[in-house]
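Single-structure report; data block below.
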Amino acid sequence: MRSVAVIPARYQSSRYPGKPLVKLLGKPMLLWVAELSAKALGQENVYVATDDHRIAEVAQHAGFKAVLTSSGALTGTDRLAEAAESIDADIFINVQGDEPLVDPEDICRVRDLKQASMDTVINGYCWLSEEEDPHSVNLPKVITTEAGHLVYMSRSPLPGYKDAKNAPVHYKKQVCIYAFSKPELKAFRDFGRKSELERSEDIEILRFLELKRPVLMLETRAGSLAVDVPSDVAGVEAALRKKHAC
Numbered sequence: 022m023r024s025v026a027v028i029p030a031r032y033q034s035s036r037y038p039g040k041p042l043v044k045l046l047g048k049p050m051l052l053w054v055a056e057l058s059a060k061a062l063g064q065e066n067v068y069v070a071t072d073d074h075r076i077a078e079v080a081q082h083a084g085f086k087a088v089l090t091s092s093g094a095l096t097g098t099d100r101l102a103e104a105a106e107s108i109d110a111d112i113f114i115n116v117q118g119d120e121p122l123v124d125p126e127d128i129c130r131v132r133d134l135k136q137a138s139m140d141t142v143i144n145g146y147c148w149l150s151e152e153e154d155p156h157s158v159n160l161p162k163v164i165t166t167e168a169g170h171l172v173y174m175s176r177s178p179l180p181g182y183k184d185a186k187n188a189p190v191h192y193k194k195q196v197c198i199y200a201f202s203k204p205e206l207k208a209f210r211d212f213g214r215k216s217e218l219e220r221s222e223d224i225e226i227l228r229f230l231e232l233k234r235p236v237l238m239l240e241t242r243a244g245s246l247a248v249d250v251p252s253d254v255a256g257v258e259a260a261l262r263k264k265h266a267c
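Just so it is clear: in the sequence shown, position 245 is 266 by the numbering used here, and no numbers are missing.
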């Protein structure tokens, strides 16, 4: 089976326009993600899905394939689904373009679990660090069954509790590495709209609950940091410096 990484990237981000091209230590963030994806799957298996020629040109100049999509994609997964129509592959791994610290080994582990579970969507998670606030709306929190299947995901702290003595000691957060089959992506896009929960939480993986598609959560390496808003850049650059100094 052929596995590919597809990085959805749009220029007109509502919270951070031009985010895929923001420079981190002098390199566009998109290329940090593409290069790490290439370490996992090989450069020939990395695609950038975008509706913006500026982003496509940066990707292609660096030797990566770019797939131009329409401007009306509802989410990154919808954009990936559109791009998948022109890519010959069995497994499509969505690696978010704002995760420049993604671990290539985690991409491989997500791929391997998908190969063993082709009828199940795969998504990553890790535990919130002590420095991260579970009340932050920029961190989707995850609750799963004991077997690891997704129950729900929210920007509010989850799980809740009635009695303080039962409050969770740690919280899980989403890591934006996903693995899909082409039929799963088609079903997602064919839904034609954001589901009510998806729209309210602004978390696209929730659409699969409406489609009755199981989602298996895989624990990944801790320390993943995303760039959601401009104020995140300094912290991510510091983490990149520390990582590359090792």
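Beta carbons are placed, not taken as given, at the ideal position from N, Cα and C, and that holds for glycine.
Determine whether the beta carbon atoms of Ile128 and Ser58 lie at a separation below 8 angstroms. Yes, they are a contact pair.
So, at 6 angstroms on beta carbons, what are the nonlocal neighbours of Thr71 in its own chain, with the 5 sequence-adjacent residues on each side left out? Here the set comprises Ala30, Ala77.
Would the segment 162 to 170 and the segment 209 to 216 be scored as touching if the rule is three or more Cβ pairs under 8 angstroms? No, the segment 162 to 170 does not touch the segment 209 to 216.
Can you give me the Cβ contacts of Ser92 inside the same chain, cut-off strictly under 6 angstroms, excluding the 5 residues immediately before and after it? Its chain contains Asp72 as the residues whose beta carbon lies nearer than 6 angstroms to that of Ser92, once the 5 sequence neighbours on both sides are disregarded; these appear in chain order.
Inter-stretch contact (C-beta, 8 angstroms, three-pair minimum) for the segment 180 to 195 and the segment 148 to 159: In the pairwise beta carbon analysis, the segment 180 to 195 is classified as touching the segment 148 to 159: at least three pairs are separated by under 8 angstroms.
Since Tyr68 contacts Val142 with CB under 8 angstroms, what's their CB separation in whole angstroms? 19 angstroms between Cβ atoms; not a contact.
Selection from Asp111, Ala61, Gly39 that minimises the alpha carbon distance to Arg23: The shortest CA-to-CA distance from Arg23 to any of Asp111, Ala61, Gly39 is the one to Asp111.
Just to confirm, is the Cβ distance from Arg228 to Ser216 under 8 angstroms? Taking 8 angstroms as the Cβ cut-off, Arg228 and Ser216 qualify as a contacting pair.
Is there contact here, the segment 239 to 253 with the segment 119 to 134, by at least three beta-carbon pairs under 8 angstroms? The answer is yes - the segment 119 to 134 touches the segment 239 to 253, with three or more Cβ pairs under 8 angstroms.
Residues in its own chain within less than 8 angstroms of Met174 by CB, not counting five upstream and five downstream? Within the same chain, Cβ atoms closer than 8 angstroms to the Cβ of Met174 are found at Pro161, Lys162, Val163, Ile164, Gln195, Glu222, Ile224, Ile226, Leu227, the five residues on either side in sequence being excluded.
Going by Cα to Cα distance, which pick from Glu65, Ala185, Ala61 is closest to Asp133? Answer by Cα proximity: Ala61.
DSSP three-state label for Gln81, please. Gln81 falls in the helix class under three-state DSSP.
So, at 8 angstroms on beta carbons, what are the nonlocal neighbours of Gly39 in its own chain, with the 5 sequence-adjacent residues on each side left out? Scanning its chain for C-beta atoms nearer than 8 angstroms, with the 5 sequence neighbours on each side dropped, one finds around Gly39 the residues Tyr32, in chain order.
Look up Asn66 in the DSSP assignment and say whether it is helix, strand or coil. Three-state result, Asn66: helix.
Which residue or residues does DSSP assign as beta-bridge partners of Gln136? BP columns for Gln136 are empty, so no partner.
Check whether Leu42 and Leu261 have beta carbons under 8 angstroms apart: Taking 8 angstroms as the Cβ cut-off, Leu42 and Leu261 do not qualify as a contacting pair.
Using the three-state DSSP reduction, which class does Ile128 fall into: helix, strand or coil? The DSSP-derived three-state label of Ile128 is helix.
Can you say whether Glu106 is buried or exposed, counting buried as having 16 or more other CB atoms within 10 angstroms of its CB? That one is exposed.
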